[in-house]
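In the working numbering, the protein residues as written are 27 to 316. Every residue gets a Cβ at the ideal spot worked out from N, C-alpha and C, and that includes glycine. In this text the structure is predicted, and so the values were computed from the model without any measurement. Right, one structure below, let's go through it.
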């Protein structure tokens with residue numbers, strides 16, 4: 027994997043600990059702070075790497091001239107992992123991801139299948155998989171409609187309206203109103219990158235043969251009350267990934283890692299423990315630009 031092009035636009039990353047490397051990738055409009063409870067649960071048991079993806083948190087904007095593909099953030103994450111491991115990719119990496127971040131984790135694993143030892147995915151959203159494995163599926167059309175509405179608002183420079191549509195779709199009718207002012211401001215500031223994410227996710231048209239290369243132990247967590255596109259992706263992946271275990275979080279939607287944090291954290295830690303990732307006992311933490 028070539029990451030050299032991204033050292034001049036480094037991601038911010040919060041890193042702590044020693045041992046097996048566990049990389050946690052947040053959802054669209056989120057940041058590394060999404061994983062605070064998981065970071066605490068893993069403290070002293072592994073090396074945790076929590077980057078802010080491009081256009082989010084403390085990281086720079088999407089690089090000018092770069093295509094809207096998952097590989098852009100994947101390369102940037104690779105640079106962070108190298109920096110956290112003395113300039114190299116370690117022999118064993120465990121990836122945790124939510125939504126867009128889960129799709130980036132899958133892309134990373136497809137490019138580095140030998141060194142990725144496990145995947146923990148909460149509702150990954152590679153929408154291209156729906157079209158590849160189930161052409162004409164209603165879930166694909168529903169996501170196209172939401173994408174179009176969000177992008178129309180962004181083109182009209184109504185980032186607040188775009189954020190309301192986006193957050194309301196994934197979080198429910200009152201989700202936007204339930205947020206504090208600081209949370210709303212952060213989401214609005216990140217909306218300009220969301221069309222990049224949409225393009226990347228629709229472009230991830232992995233077929234069964236490609237997905238079959240993900241032979242590492244994979245836990246796919248889903249909320250019982252999630253949206254149709256997320257549910258359909260989970261169903262399709264469950265039919266082709268060789269070593270997938272599925273888990274359902276009762277009453278949770280797509281924002282389960284935030285709204286049902288204890289349950290998602292417990293399941294994630296259990297899966298990581300089952301793969302042998304959690305063995306170290308000394309804690310060290312710092313924030314860096316990789």
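How should residue i be labelled, buried or exposed, when 16 other C-beta atoms within 10 angstroms of its C-beta is the threshold for buried?
i: residue 226; result: buried
i: residue 128; result: buried
i: residue 150; result: buried
i: residue 303; result: buried
i: residue 171; result: exposed
i: residue 297; result: buried
i: residue 140; result: exposed
i: residue 77; result: buried
i: residue 90; result: exposed
DSSP three-state label for residue i, please.
i: residue 172; result: helix
i: residue 247; result: strand
i: residue 80; result: coil
i: residue 275; result: strand
i: residue 140; result: coil
i: residue 56; result: coil
i: residue 37; result: coil
Distance, Cα to Cα, residue i vs residue j?
i: residue 131; j: residue 167; result: 25 Å
i: residue 212; j: residue 192; result: 14 Å
i: residue 268; j: residue 241; result: 6 Å
i: residue 49; j: residue 108; result: 12 Å
i: residue 164; j: residue 231; result: 16 Å
i: residue 206; j: residue 119; result: 35 Å
i: residue 100; j: residue 40; result: 17 Å
i: residue 88; j: residue 270; result: 32 Å
i: residue 56; j: residue 287; result: 15 Å
i: residue 198; j: residue 73; result: 35 Å
i: residue 9; j: residue 305; result: Any property of residue 9 remains undetermined from this structure, which presents the chain solely from 27 to 316.
i: residue 169; j: residue 122; result: 24 Å
i: residue 244; j: residue 67; result: 20 Å
i: residue 80; j: residue 196; result: 21 Å
i: residue 52; j: residue 203; result: 22 Å
i: residue 209; j: residue 272; result: 31 Å
i: residue 276; j: residue 248; result: 9 Å
i: residue 104; j: residue 112; result: 12 Å
For the alpha helix (DSSP H) containing residue i, name the first residue and the last one.
i: residue 264; result: 254-264
i: residue 216; result: 207-216
i: residue 237; result: 234-237
i: residue 297; result: 287-300
i: residue 228; result: 220-229
i: residue 192; result: 185-197
i: residue 62; result: 62-68
i: residue 88; result: Note, residue 88: premise wrong, no alpha helix (DSSP H); not H, not E.
Which stretch, first to last residue, makes up the beta strand (DSSP E) that contains residue i?
i: residue 92; result: No beta strand (DSSP E) contains residue 92, which DSSP labels as neither H nor E.
i: residue 160; result: Residue 160 -> no beta strand (DSSP E), and no H or E assigned at all.
i: residue 267; result: Run containing residue 267: none; DSSP gives neither H nor E here.
i: residue 9; result: In the structure as shown, the chain begins at 27 and stops at 316. Residue 9 is therefore absent and cannot be evaluated.
Is residue i near the ligand SAM - that is, is its Cβ less than 6 Å away from at least one heavy atom of it?
i: residue 284; result: The ligand SAM is absent from the structure shown, which contains no ligands of any kind.
Check the Cβ-Cβ distances between residue i and every residue of chain B, and say whether any is below 7 Å.
i: residue 62; result: Here there is only one protein chain, and chain B is not present.
### Task
Return the chain-ordered ranges of every alpha helix (DSSP H) run that is complete within the stretch 104-150 and spans a minimum of 4 residues.
126-137
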